[in-house]
Each structure stands twice: as C-alpha cells, then as structure tokens.
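S.K.:
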Amino acid sequence: MLVEITAVIRRDKVAPTMRALDNLGLGSMTIATVSGRGRQGGNIMTDIDREVPAEYESVSKITKHLTPASFALSHSLTRPVFWVPKRMLTIVVPSPMKDDVVDLIVSTNKTGWMGDGKIFVSPIEESLRIRTGERGTSSI
Amino acid sequence: MKMIRAIVRPEKENDVVLALEAKGFPAMTKMNVFGRGKQKGITVGPIHYDELPKVMLMIAVEDNEAPAVIDVIRQSAYVGYEGDGKVFVSPVTESYTIRTGMRSE
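From first to last, the protein sequence lines stand for chains A and B. In terms of this note's numbering, the first sequence has 16 at position 16, counting the first letter as 1, and numbering is strictly consecutive. When you read off a place in the second sequence, starting at 1, and then add 140, the result is the number in this note's numbering.
1) Over what stretch of residues does the alpha helix (DSSP H) that includes glutamate 161 of chain B continue unbroken?
2) Given a threshold of 16 other Cβ atoms within 10 Å of its Cβ, counted over all protein chains shown, does threonine 17 of chain A qualify as buried or as exposed?
3) Given valine 173 of chain B, which residues of its chain have a CB within under 6 Å of its CB, disregarding the five upstream and five downstream residues?
4) Which residues in chain B sit within 7 Å of proline 123 of chain A, going by Cβ to Cβ distance?
5) According to DSSP, is isoleucine 213 of chain B part of a helix, a strand, or is it coil?
6) May I ask you to report which of helix, strand or coil DSSP gives methionine 18 of chain A?
7) Would you mind telling me which residues of chain D sit closer than 8 Å to glycine 241 of chain B, beta carbon to beta carbon, in chain order?
8) Closer than 7 Å by C-beta to isoleucine 44 of chain A: which residues in its own chain qualify, once you throw out the five before and the five after it? Chain order, please.
9) Give every residue of the same chain whose Cβ lies closer than 8 Å to the Cβ of glutamate 153 of chain B, excluding the five residues on either side of it in the sequence, and list them in chain order.
10) Just reading off the alpha helix (DSSP H) that isoleucine 105 of chain A is part of, what are its end residues?
11) Starting from isoleucine 238 of chain B, find everything on chain A with Cβ-Cβ shorter than 8 Å and list it in chain order.
12) Report yes or no: do three or more beta-carbon pairs, one from the region 155 to 167 of chain B and one from the region 120 to 140 of chain A, lie closer than 8 Å?
13) Measure the C-alpha to C-alpha separation of methionine 242 of chain B and aspartate 190 of chain B and round it to an integer number of angstroms.
14) Note down, in chain order, every chain B residue with its Cβ under 7 Å from the Cβ of arginine 39 of chain A.
15) Which two residues bound the contiguous beta strand (DSSP E) that contains phenylalanine 120 of chain A?
16) So, using beta-carbon positions, are valine 156 of chain B and serine 244 of chain B closer together than 8 Å?
17) What are the residues of the region 197 to 217 of chain B that lie near chain A, defined by any Cβ-Cβ distance shorter than 9 Å?
18) To which residues of the same chain is threonine 6 of chain A closer than 6 Å at the C-beta, ignoring the five residues directly before and after it?
19) Restricting to Cα atoms, I'd like to know which of A/Val14, A/Asp22, A/Ala20 and A/Asn23 is closest to threonine 33 of chain A.
20) Quick one: which residues of the region 169 to 182 of chain B get their C-beta closer than 9 Å to a C-beta of chain A? List them in chain order.
21) Spell out whether any CB of chain B is found under 8 Å from the CB atom of serine 127 of chain A.
22) Rounded to whole angstroms, what is the Cα-Cα separation between glutamate 234 of chain B and asparagine 23 of chain A?
23) Going by DSSP, what residues sit across from arginine 87 of chain A in a beta bridge?
Structural data, given as structure tokens:
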C-alpha cells in the first residue's frame, strides 16, 4: 500500500525539509510552486505581517511593496484577494512510513506562527515506474 | 476529508475565490496549470492552441461539505462554453496543521 503525502509549506523550509527527508532515505519528491491562503483568508494580512518573525524577509518584502490595497487598486478589484507564496511537496511512501514522514515534516516546518502550512495524506491505488514497468512498492 | 481540485478559467479565479469565501471556505491552494480537454484545445483561424492556461484551486473540506463547495464552483466558474473546466474530488485520509501538529480526519 502506498500513500501520498502532500505538504504545503513555507518557501524557505524546502531545503531543510529535503535534507531531513534525505536522512530518512527518501530522496524522491515532487516540488511545485503554489499560492495559498488559510482559514484567515488573507484578510488579516496585517496581523500575519506583525506576527511573522523578522527572518522571513521574503514575506515582509512582499507586504512592504505590495499591500492588499495596492494590489486591488492595480488590478481594479473591488476587494483584495491576497495569496501567500508557498511550496507544495508531494512524496509517495509505503504506508508504514507515513507517521515517520508526517512527524518529520511537522517538526522541521513548525515555527509556531500562522502560515506554517498543511499536510494531506491520501491513498495511491497504483504506481508504476515508467523506465522498467515495476509496479507497487518497488516502483518508488 | 475530501480534496476538491477545480480547474477553472484564469479570468474566473477571482469570482470563484470570492464566492467560496462568502460561503465560508476561505482556505485553498492555487496553482497555475496548462491543459486541454476533450476538444483537444482550440483552433482560432489557422492557429491551433493545445495548451490552454488554467488555474487549479485545491480545497480540502469535510465529506459533508463537498457538495456545497462543488455547487459554488459550478455557479461561479460557469460561462457556458467549452473550457469552463472540471472539478475532481479525491479522498484525503488525514490532514495535519503544521503549526499545532493537530491531526484531523
């Protein structure tokens, strides 16, 4: 049985997460550039702003030059829909390893501030390595 | 839980997001994708486009909320022409909030 672990995480946590997964023997993953917003809906960007630690220079840089209001004005929107840049890691692992991987991602990515991200676990019915045609657990 | 993946017209993205927000679903992930449908793209005069830009919205919801979300997307992303997009629903066995480590099913 294989499971797919999809983690939406901060941009600057990709390298530490990859290093930590490497130590667990999981080198293979898919990384995608996505935008996201959480339960706060991007509405209280000012609060997120205030709470983001100073080392998140990328976030403060964005909000310094592009406020939700200025974004709305430049795009002629009635009200701003604000997105936060994120990275999405997709890792397929055998189901016994699921808890280890989830714990590892949580401990590597936890800062305690809003915007740490989410992890979704979903079943994979079939998997196939294209080069050799192997199926199932031996394909990953 | 269910993961709802909606592939919609880029120009309808704002409408869909605002409509979902109004119904109480503000949390989602957005991804720019390229795709084509059953029509194999579109042909405008002599030019054939087989990769059309779309926006994929990924929304994780409780099982019983899925029909409501799909309904909102259907209404807000609807134009009536080919290329309005698709909605896919897949199972999510569990999810975690990284900030708190909280698990939910």
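Just so you know, even glycine gets a beta-carbon here, dropped at the ideal spot from N, CA and C. All values derive from a computational prediction rather than experimental measurement.
M.R.: Checking against the coordinates, here is how it stands:
1) Taking the second sequence and counting its residues from 1, the one referred to as residue 161 of chain B is at position 21. Segment 153 to 162, the alpha helix (DSSP H) holding glutamate 161 of chain B.
2) Within the first sequence, numbered from 1, the residue matching residue 17 of chain A stands at position 17. A residue is called buried once 16 or more other Cβ atoms fall within 10 Å of its Cβ, and threonine 17 of chain A is buried on that count.
3) Along the second sequence, read from residue 1 onward, the residue named residue 173 of chain B stands at position 33. Once the five neighbours on either side are set aside, the close Cβ partners of valine 173 of chain B are Lys194 and Met196.
4) Your numbering for residue 123 of chain A matches position 123 in the first sequence. Pro231 and Thr233, listed in chain order.
5) Looking up residue 213 of chain B in the second sequence gives position 73. Correct three-state label for isoleucine 213 of chain B: helix.
6) Taking the first sequence and counting its residues from 1, the one referred to as residue 18 of chain A is at position 18. Three-state result, methionine 18 of chain A: helix.
7) Looking at the structure shown, chain D is missing, and the protein chains on hand are A and B.
8) Taking the first sequence and counting its residues from 1, the one referred to as residue 44 of chain A is at position 44. Confidence at isoleucine 44 of chain A is low in this model, with a pLDDT of 45, below 50, so the placement of that residue should be treated as unreliable; the coordinate-derived value is given next. Counting only residues of its own chain and dropping the five nearest sequence neighbours on each side, isoleucine 44 of chain A has no CB closer than 7 Å to any other CB.
9) For the purposes of this step, residue 153 of chain B is identified with residue 13 of the second sequence, where counting begins at 1. So the list reads Lys170, Val195 and Leu197, once near-sequence residues are dropped.
10) Residue 105 of chain A sits at position 105 when you count from the first residue of the first sequence. It spans 98 to 109 - the alpha helix (DSSP H) in which isoleucine 105 of chain A sits, taken as one unbroken run.
11) As a first step, residue 238 of chain B must be located in the second sequence, where it is residue number 98. In chain order: Ala7, Ile9, Ile105, Val106, Asn109, Lys110, Asp116, Gly117, Lys118 and Ile119.
12) no
13) Within the second sequence, the letter at position 102 stands for residue 242 of chain B. Within the second sequence, the letter at position 50 stands for residue 190 of chain B. About 43 Å.
14) As a position in the first sequence, residue 39 of chain A is number 39, starting the count at 1. Ordered by position in chain B, the residues that pass the 7 Å Cβ test against arginine 39 of chain A are Pro166 and Ala167.
15) As a position in the first sequence, residue 120 of chain A is number 120, starting the count at 1. Phenylalanine 120 of chain A -> beta strand (DSSP E) spans 118 to 124.
16) By 1-based counting over the second sequence, the position of residue 156 of chain B is 16. By 1-based counting over the second sequence, the position of residue 244 of chain B is 104. Against a cut-off of 8 Å, the Cβ pair of serine 244 of chain B and valine 156 of chain B comes out as no contact.
17) Met198 and Ala200
18) Within the first sequence, the letter at position 6 stands for residue 6 of chain A. Within the same chain, threonine 6 of chain A has close Cβ partners Thr90 and Phe120.
19) In the first sequence, residue 33 of chain A corresponds to position 33, counting from 1. Answer by Cα proximity: A/Val14.
20) Thr169, Lys170, Met171 and Asn172
21) By one-based count along the first sequence, residue 127 of chain A stands at place 127. Closer than 8 Å: no.
22) Here residue 234 of chain B refers to the residue found at position 94 when the second sequence is read from its first residue. Here residue 23 of chain A refers to the residue found at position 23 when the first sequence is read from its first residue. Computed Cα separation, rounded: 24 Å.
23) For the purposes of this step, residue 87 of chain A is taken as the residue at position 87 of the first sequence. Partner(s): A/Ile9 and A/Thr33.
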